[in-house]
Structure formats: C-alpha cells, structure tokens
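Chains as they are written, first to last, in the numbering used here: chain A, 82 to 262; chain Z, 19 to 309. Heads up, the beta-carbon is just placed ideally off N, CA and C, and yes, glycines get one too. Source: prediction; values computed, not measured.
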Amino acid sequence: MQSSGALSVRRIVITGILAAIAILLGVTRIGFIPVPNLSGNATIMHVPAIIGGVMEGPIVGLLVGAIFGLFSWLQATIPLFKDPLVAVLPRLFIGVTAYYSYAALKNNNEYLALVVGAVIGTLTNTVGVLGMAVIRGYLPLEAVVPIIPQAIAELIIAAIITVAVVAAWKRIEGGREGSTV
Amino acid sequence: MENFELLRNVTIGQYIPTGSVIHRLDPRAKLLAASFLILAISFASSILANIIFLIVILIITRISRIDVKYLLRGFILGLPILIFIFVMQFLFMGRAEPAGYVFFEWGWFRITQRSLYIMALSGLRLLSFVFLTSLITMTSTTTELTHGVEQLLRPFRRVRVPSHELALILMIALRFVPTLAEEMENIMKAQASRGADIGTGRMWRPDKAAKAYLPLIVPLFLNAFRRAEDLVWAMEARGYVGGEGRTNFIQLKSRGIDYVVVIAAFLFMIFMMVFPWPSISPILRQIGFMG
Chain A
82 MQSSGALSVR
92 RIVITGILAA
102 IAILLGVTRI
112 GFIPVPNLSG
122 NATIMHVPAI
132 IGGVMEGPIV
142 GLLVGAIFGL
152 FSWLQATIPL
162 FKDPLVAVLP
172 RLFIGVTAYY
182 SYAALKNNNE
192 YLALVVGAVI
202 GTLTNTVGVL
212 GMAVIRGYLP
222 LEAVVPIIPQ
232 AIAELIIAAI
242 ITVAVVAAWK
252 RIEGGREGST
262 V
Chain Z
19 MENFELLRNV
29 TIGQYIPTGS
39 VIHRLDPRAK
49 LLAASFLILA
59 ISFASSILAN
69 IIFLIVILII
79 TRISRIDVKY
89 LLRGFILGLP
99 ILIFIFVMQF
109 LFMGRAEPAG
119 YVFFEWGWFR
129 ITQRSLYIMA
139 LSGLRLLSFV
149 FLTSLITMTS
159 TTTELTHGVE
169 QLLRPFRRVR
179 VPSHELALIL
189 MIALRFVPTL
199 AEEMENIMKA
209 QASRGADIGT
219 GRMWRPDKAA
229 KAYLPLIVPL
239 FLNAFRRAED
249 LVWAMEARGY
259 VGGEGRTNFI
269 QLKSRGIDYV
279 VVIAAFLFMI
289 FMMVFPWPSI
299 SPILRQIGFM
309 G
C-alpha cells in the first residue's frame, strides 16, 4: 500500500476528504455551532485537521490544516482572516500539535489522549490566530478577553466531537475486520 | 425545508468571466505575481506604501474589467467585524508605547500618534487583502489555480516536495465538497425525519450543543471515511503511482506577457520593500494637524 515518500495513496485520499469536510463546514455554516457568546457561534472547522492529525499522523494534520487555512483565507468575510499570516500560518500547526499530544498519551489512556489532542489542537488554532492578530496589530491584547468564553466553548465542543468520531471509526474498523470496503 | 439545501451554497469564491487580460494570464504567472504582492503588503509598515498598494489593486481591478461593486460586497460583509476591530483599537491602542504625539488624554484613555497609525495601517492593509483575495478568485477558476499550484511546486520535487500529490489532495478536496454536501443533506433529512431537532435555539452549555450536533457530524465523518476507503481501493486497484512520469491533460503555456507580469510584480515588491518610505507625520504637521 505504501507508495514512495511520506504520502501513501491512503494518506493522499484521507487528507483530501478531511479537507473537503473542513471546506464544507466553512461554506455551509454547519461548522458554526450556536452557543451564547460575543460572535454567537463556536467554530468546529478546525476539527478535521485535529482528526487528521490524530488518526493519520502529523503530515496529514498539517496538510488538512493548510487547506483549511487557505480556504478560510480565500473565503473569509471577516477582514481579520484576510491576512494570510493570521489565517493560514497558525492553522498549519493544528494537526501537528494535536498528533504529538495524542501520541504522547496514547499508551496510557486512549480517550484521555484524544481529549488532550483535541484540546491542544483547538488551543493551537485559537491562540495562534489571536496571537498573530495581536502581533500584527489588528487587535489590542485587551480585546482578547471577551473572546475567552468562545475559546472555552470551542475546546469542549472539539473534544466531544473528536472523541465521538474517532471512537466510532475505530469501533467500525476493529469490529468488522477486513470488511471496511 | 430550505435548511436542508446545502448544495446551492457551495461556491468557492466567485468566478466572474470577463475575458480580460488578467483572466487570460497563465495561472502560474498569476499566482506568482499575487504571492509577490501579498508578501509586499504583509511586510509594508508605511502608510504611504499601503495607499499605493490599494491604488495598484484598484488599477488591476480596472484592467480585469471587474466591477468595483463586487469587491465592495466582500468588504461590506465583513464590516461589523472591522468596526469591532476599530473600536477595540480606538479604546486600547492608546496605551501602546512609544506613543508619540498625544492628541487627547482622559484618564487612561488616550488618542496617540501611534494608535492612529496602527488603526490606519491595519485598515488599509486589511482592505488590500480583502480586494486582492476577491480578485484572485474572481479572475481564475479553481482548476486553473490547482494546476498552477502543482506546476509551481514542480521544481521543488528535487527537495522531496511531492508537488503532484499535493495538487491531487487539493483536487480530491474540491471534488468531494459537493458530494459530501449532498450526503450532509441526506443525513439532515434522515435525522429530521426521526424527529431530531438540530440547530434550533441557542444552547447555554457548549457540551450540550456539541452533543446535539453529534447525530450530524459523526455520520458525516464516517461516510466520508468510507468513501475514502473506496477511493483508496479503486486507486490501488488501477495501479495509481505518484507524480513521476505522469502527463497532464491540461498543458499550461506561458506567453511573453506572463513573464512580463511576473518580473514586474517581483520588481514592484522589491521596490516597495527597499524604498525608504517617508513618514507622513511631517505632512500632517505642515497642515496643522499635529502641534
């Protein structure tokens, strides 16, 4: 199954499809879950990058994050995300940090590892984007405070969805050996 | 029922065919030139330079025969956030040091030379980025962009950047957006027919909100993974091998004008980065704006 290099056919396809989900979540507004906060929504658009990182490793996570970043940059209606240093750069690391924190804890407790992976991945997204916005001078540091409730909501939501999706997929893969086609 | 119709919303950017010179540029040239411009805008910290960028972008818009109305539409959509950013900057940026000339001071609230500079700079820069990204998606189709990316990355194969595979990933992603959107519609209808009530009303607890969305999100991912497995098997069965020695159905051809555009964009970037842009404060002082 392994083709040359780090990108096997399987990784190419899974990256593409996870990126498709990320784009879909962005363009159809399903990716925005209504919770009470300043913007009224918590995003789950970065979750495919986390799931890609956790399930297929850092390269897949990085590429899904890159495509998610590119599309949120090209598609964004929020002017803040029109700066590629804010929209694309931090997104590259979502899947990477998620993978490494998951891999570090995987042998102790699978579920805990998934939760931590999702939390770290989401934090990478939030802190990275807001950090770049502050560094680039778009937002003063004080403006970050009203965004904190949203960040917490996103952490919880991302953790629940990541655990649910990965656990469901592993159960299918484990339960029906060889019949995943 | 309109809640379920996702397909009609799936557009990536908006291609406006006017057949202008910009539209007919080689996508590689267009991408390169756009990257140079984006780099230059990203690192320009002078107000004057940013005004020039905005003018240049408006000139490009004129050449590509795209109505400025279309550009402004994207801008108006983002206006509430832009206002939020401005208010935040107005309130808090006065504390930033070195403050320079202080126009107004009341308690801890200040309007300083620096806070006005930051506001003007980020406003101009974001405006340029909004217009430029809209221009890219309005003047090139996604297929063109994908092929452009692949060809541009090709020289990097030597340092083991898998350009063909990266382009394939992009194509799979674009190809599967409508398919997954259709699937999502089916899932939403299926869950609604079982009496599920998803996405109505605000959830006060994020964990409950997440759980309410699980009946949509989990099947979406699982179906997508199943499709991925199918595609993997199909590609393996047909003996798919990566980029080495593959030929392309679409052949990109560069003409003289493409080279001119790339070189012009590159020189423009270098010029904008190296030129010692004067501060505008002396001018402001001259007209009596600053004491």
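- Message: Does Z/Trp-295 come out as helix, strand or coil in the three-state DSSP assignment?
- Response: coil
- Query: Can the beta-carbon of A/Val-145 be found less than 7 angstroms from the beta-carbon of A/Leu-173?
  - Reply: no
- Message: So A/Arg-91 contacts chain Z; which residues on that side make the cut at Cβ distance below 7 angstroms?
- Response: Result: Val-250.
- Message: Can you give me the C-alpha to C-alpha distance between Z/Ala-208 and Z/Asp-215, rounded to a whole angstrom?
- Response: Taking the straight line joining both Cα atoms gives about 11 angstroms.
- Terminal residues of the beta strand (DSSP E) in which Z/Val-120 lies: Its beta strand (DSSP E) spans residues 120 to 124.
- Message: Output needed for A/Thr-295: all residues of its chain with C-beta closer than 6 angstroms, excluding positions within five of it in sequence on either side, in chain order.
- Response: Only positions 82 to 262 of chain A appear in this structure, which leaves residue 295 of chain A out of reach.
- Query: Along the chain, where does the beta strand (DSSP E) that runs through A/Asn-122 open and close?
  - Reply: Element bounds for A/Asn-122: 122 to 124.
- Query: Less than 7 angstroms separating the beta-carbons of Z/Leu-139 and Z/Ile-75?
  - Reply: No, the Cβ-Cβ distance between Z/Leu-139 and Z/Ile-75 is not below 7 angstroms.
- Task: For my contact list, A/Leu-195 and A/Val-247 are in at a C-beta cut-off of 8 angstroms; report their separation, rounded to the angstrom.
- Result: Indeed, because the Cβ distance is near 6 angstroms, the residues count as touching under 8 angstroms.
- Are any of the Cβ atoms in chain A nearer than 7 angstroms to that of Z/Gly-213? no
- Message: Is the beta carbon of Z/Pro-296 closer than 7 angstroms to that of Z/Phe-162?
- Response: Before going on, a small fix: residue 162 of chain Z reads as Glu here, not Phe. It is not a contact, given that the beta carbons lie outside the stated cut-off.
- Query: Does the region 166 to 179 of chain Z come close enough to the region 83 to 103 of chain Z to have 3 or more Cβ pairs within less than 8 angstroms?
  - Reply: With a cut-off of 8 angstroms on Cβ pairs, the region 166 to 179 of chain Z is not in contact with the region 83 to 103 of chain Z, counting fewer than three such pairs.
- Ignore the nearest five residues each way along the sequence and tell me which others in A/Val-262's own chain have a CB closer than 8 angstroms to its CB. Model confidence at A/Val-262 stands at a pLDDT of 37, short of 50, so the residue's coordinates are unreliable; what they give is reported in the following sentence. Nothing meets the Cβ criterion.
- Query: Three-state secondary structure (DSSP) at A/Ile-114?
  - Reply: strand
- Chain-ordered residues of the region 147 to 178 of chain A with a beta carbon less than 8 angstroms from chain Z: Ile-148, Phe-152, Trp-154, Leu-155, Gln-156, Ala-157, Thr-158, Ile-159, Pro-160, Leu-161, Lys-163, Asp-164, Pro-165 and Leu-166
- Item | Against chain A: residues of the region 251 to 282 of chain Z by CB proximity under 7 angstroms | Trp-251, Met-253, Glu-254, Tyr-258, Val-259 and Gly-260
- Message: So the candidates are A/Gly-97, A/Val-244, A/Glu-223 and A/Val-90; which of them puts its Cα closest to the Cα of Z/Thr-197?
- Response: A/Gly-97
- Query: Can you name the residues of chain Z whose CB is closer than 7 angstroms to the CB of A/Leu-144?
  - Reply: Ile-187
- Query: With a cut-off of 7 angstroms, does the C-beta of Z/Glu-183 fall near any C-beta of chain A?
  - Reply: yes
- Query: At which residues does the beta strand (DSSP E) containing Z/Phe-102 begin and terminate?
  - Reply: Boundaries around Z/Phe-102 are those of the alpha helix (DSSP H), 97 to 110, since no beta strand (DSSP E) includes it.
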